[in-house]
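Q:
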Amino acid sequence: MAELKKRIVIVEDEGDILELLNMILSRSGYEVYLCDNGRNALDLIRKTHPHLVLLDVMLPGKDGKAIATAMAADEELQGASIMIVSALEESEKMFTGNPQVKDFCLKPFRTAVLLEKVKKIMGDA
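Per this note's numbering, the sequence shown runs over residues 9 to 133.
Structure follows, in structure tokens:
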């Protein structure tokens, strides 16, 4: 029986970055789901039950901080890890105390560094 792929939801409103992350993570063997706004992110996360959510901070509809807070308050979503991918240098301070947030990757990022962080969180390093 084939091993199930580990699932990642990417919440990113910049189309080029969303597609780049999709390509990098899909090629690395992950099952990737995409969301380009904060409004629909929680619905997609509930539907797909990801192992990891790559979360931008500045999003239309609902920002990354609100999404992470909602995930922490929802028993169904508390098992998913979060990695913040943001251009905001202060984003690390914004998520202090949230145990689901496992790492941060500042934009612009080097793909090798981002992939290494993802693999570490996913237990594939």
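Beta carbons are placed, not taken as given, at the ideal position from N, Cα and C, and that holds for glycine.
Only a predicted model underlies this, so the values are computations on that prediction, with no experimental measurement involved.
Give the secondary structure of V65 by DSSP, where H, G and I count as helix, E and B as strand, and everything else as coil.
A: coil
Q: Exposed or buried, what is S34 when buried is set at 16 or more other beta-carbons lying within 10 Å of its beta-carbon?
A: By the neighbour-count rule (16 or more Cβ atoms within 10 Å), S34 is not buried but exposed.
Q: Are the Cβ atoms of L160 and I18 separated by less than 7 Å?
A: Any property of residue 160 remains undetermined from this structure, which presents the chain solely from 9 to 133.
Q: Please state whether the Cβ-Cβ distance between I75 and V40 is less than 7 Å.
A: Their beta carbons are not under 7 Å apart, which means I75 does not touch V40 by this criterion.
Q: Does the Cβ of D24 have 16 or more other Cβ atoms within 10 Å, making it buried, or fewer, making it exposed?
A: exposed
Q: Spatial neighbours of E20 within its chain, please: CB distance less than 6 Å, with the 5 preceding and 5 following residues excluded, ordered by chain position.
A: Excluding residues up to 5 positions away in sequence, L26, D64 lie with their Cβ nearer than 6 Å to the Cβ of E20 in the same chain.
Q: Let's test the definition: count the other Cβ atoms within 10 Å of the Cβ of L12 and tell me whether it reaches 16, buried, or not, exposed.
A: exposed
Q: What would DSSP say about S34, mapped onto helix, strand or coil?
A: helix
Q: Per DSSP, V19 is paired with what?
A: C43, L63
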